[in-house]
Amino acid sequence: MTFAELLQSLNADAHLDINAAIESGGCTIRYDDHIDITLENHESHVYLFSPVMQTTQTLTDDFFASLMQIHLFGIATNRCWFGYDAGGQRVILFCLIDLTTLSADAALGRIEILIDQVQYWKENLPHIGQATQATSLDATAGQRFKRTLTP
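Residue numbering for the sequence shown follows this note's numbering, starting at 76 and increasing by one per position.
Following this line, the structure appears as structure tokens:
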């Protein structure tokens, strides 16, 4: 399958300007009025990603450790992985499609899986962020009030 064929299979619902997407090497498609999936073509692969959490404050080491644990081997995320876009201050969820090995139906299936995962993590990741932030604040407060003995 080619990138153009993948876009053609998506076009019925997305109303894409396929020529513009092929020329630029990518496009963003909105699903369910709130999930933006970006497709970027790189040779025989398509990278798919979507923001799942906008960051409004500094994220803790515990938060990033949680992300690493959640996506270990892609099991809990159905072969999708988290990334951090420092420029956009957001956590993204992404996956990769190898166009040389997948049929159009299989590729569309991977896109549907990503959409489902994005929906789930958009709802649940902020709770993890809040929990790890609270833990970090508790530890910081504890360190400030730690009793020290002087000789």
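No residue lacks a Cβ here, since even glycine has one placed at the ideal position from N, Cα and C.
For residue 198, the secondary structure class from DSSP, reduced to helix, strand or coil, is helix.
Counting along the chain, no beta strand (DSSP E) covers residue 143; the unbroken alpha helix (DSSP H) around it starts and ends at 136-145. In this structure, the beta-carbon distance from residue 164 to residue 131 falls below 9 Å.
Secondary structure note for residue 172: its beta strand (DSSP E) is the uninterrupted segment 165-173.
Here residue 158 is exposed, its C-beta having fewer than 16 other C-beta atoms within 10 Å. When rounded, the separation of the alpha-carbon atoms in residue 141 and residue 153 is 16 Å. Nearest in C-alpha terms to residue 114, of all of 108, 125 and 107, is 125.
Residue 113 sits in a strand when the DSSP states are folded into three classes. Between residue 106 and residue 112, the beta carbon gap of about 6 Å places them in contact (Cβ cut-off 8 Å).
Assignment of residue 176 by DSSP, reduced to helix, strand and coil, places it in the coil class.
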